[in-house]
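What follows is a set of notes on a single structure, which appears directly below.
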Amino acid sequence: MNVSTLIGIVASVLLLGCVVLLSADSATGFVNLPGLLIVLAGTLAATFISYPLREVVRVVRLVGVVFRREDSYIEEDIRELVAMARLWFKGDIRAVEKLLKQARNPFLRTGVQLVIDNTREEEVLDLLHWRIARLKARELAEAQIFRTMAAYAPAFGMIGTLVGLVNMLQVMQLGEIATVGPKMAVALLSTFYGILLANLVCKPIAVKLERRTEQRLIAMNMVLEGVSLIAKRRLPSFVEETLNSFVATPHDEMRDPPPRRLKRKDGPVNA
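Take 465 as the starting number for the sequence shown in our numbering and just add one per residue.
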């Protein structure tokens with residue numbers, strides 16, 4: 465499981481548990497099944513109205529991405545591209561094709577195969593740019609569904625609150641003033657559920673999916689740059705340095721720290 469997701473879930477459960485236990489005489493005071501049903505059913509109904517069925521079903525399957533730890537293969541792609549660049553620079557096309565069959569990245573295979581087939585560089589890059597744009601549009605649209613659900617949930621929480629207030633006013637009309645407080649508490653719980661669903665479930669999932677898309681786009685743009693350099697027959701060392709810049713950290717771009725100085729009796733000495 466993704467460690468950050470696990471930490472978030474544990475922290476959320478502890479927070480809600482402390483709030484419920486410390487602010488109420490009984491935990492059952494935060495239970496309102498009709499209000500919860502209004503929020504969940506209303507949010508799902510509005511989502512199905514807004515989007516086609518196939519998109520909603522596909523997005524529900526992506527919820528597992530939030531809990532699953534995804535490995536990054538960008539360093540493996542860099543090694544493969546550099547190895548292919550060396551072979552291509554030497555003119556060993558058969559060795560490139562053999563190495564290409566072992567590559568697991570279909571985006572990389574497509575780009576390098578087009579270069580081997582003597583496709584014009586502009587056409588290769590146009591195709592790869594189009595595939596990047598298609599993936600970005602599709603995955604951002606999937607994340608947007610969860611953001612839409614995050615907008616619907618509080619609204620249906622307010623609807624549940626309004627329903628509870630109507631019931632409370634009917635009770636007041638009958639003169640049962642003693643039940644006004646409990647009825648009001650139950651009415652407000654619907655808004656509580658809506659805000660909780662939006663900010664603790666839907667929005668975090670949307671952010672997680674958007675962050676996943678950003679990482680995938682970085683990897684794809686790295687492969688695109690590598691394919692472009694291979695097509696131009698750049699030096700393998702230049703290809704390697706260029707691709708490594710995609711995974712460089714700020715520490716890699718700044719100067720090294722000063723040498724540590726060791727203290728001795730006769731004075732400081734550089735380590």
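Glycine residues also receive a C-beta, built at the ideal position from the N, C-alpha and C atoms. This structure is a prediction, so every number in the text was calculated from the model and none was measured.
Between which two residues does the alpha helix (DSSP H) holding Leu664 run? Position 200 of the sequence shown, counted from the first residue, corresponds to residue 664. Note, Leu664: premise wrong, no alpha helix (DSSP H); not H, not E.
Gly499 lies in the alpha helix (DSSP H); which residues open and close that run? In the sequence shown, the residue the question calls residue 499 occupies position 35. 497-514 is the extent of the alpha helix (DSSP H) around Gly499.
Distance between Ile502 and Gln634 (C-alpha atoms, nearest Å): Numbered from its first residue, the sequence shown carries residue 634 at position 170. Numbered from its first residue, the sequence shown carries residue 502 at position 38. When rounded, the distance between both Cα atoms is 20 Å.
Measure from the alpha carbon of Leu681 to the alpha carbon of each residue in Ala549, Tyr537, Arg525, Leu652, then state which is nearest. The sequence position of residue 681 within the sequence shown is 217, counting from 1. Comparing alpha carbon positions, the residue from Ala549, Tyr537, Arg525, Leu652 closest to Leu681 is Tyr537.
Return the chain-ordered list of same chain residues with a C-beta closer than 7 Å to the C-beta of Ile623, the five sequence neighbours on each side being excluded. Residue mapping note: residue 623 aligns to position 159 of the sequence shown, counting from 1. Around Ile623: Ile502, Gly506.
Output the boundary residues of the alpha helix (DSSP H) element that contains Gly555. Sequence index remark: in the sequence shown, residue 555 carries index 91 (1-based). Where Gly555 is concerned, there is no enclosing alpha helix (DSSP H), given that its DSSP letter is neither H nor E.
Among residues of its own chain, excluding the 5 on either side of Leu688, which ones have a beta-carbon nearer than 6 Å to its beta-carbon? In the sequence shown, the residue the question calls residue 688 occupies position 224. These residues qualify, in order along the chain: Leu592.
Starting from Asn708, trace the alpha helix (DSSP H) in both directions and tell me its first and last residue. Position 244 of the sequence shown holds residue 708. From DSSP, the alpha helix (DSSP H) with Asn708 extends over 700-708.
Quick check: is any heavy atom of the ligand ADP less than 7 Å from the C-beta of Leu599? No copy of the ligand ADP appears in this structure; indeed no ligand is present at all.
Would you tell me roughly how many angstroms separate the C-alpha atoms of Val527 and Met548, rounded to the nearest one? Against the sequence shown, residue 527 aligns to sequence position 63. Against the sequence shown, residue 548 aligns to sequence position 84. Those two C-alpha atoms are separated by around 37 Å.
Using the rule of at least 16 other Cβ atoms within 10 Å of the residue's Cβ for burial, across every protein chain shown, is Thr511 buried or exposed? Here residue 511 refers to the residue found at position 47 when the sequence shown is read from its first residue. That one is buried.
Put Leu479 into one of helix, strand or coil per three-state DSSP. Position 15 of the sequence shown, counted from the first residue, corresponds to residue 479. The answer is helix: DSSP assigns Leu479 an H, G or I state.
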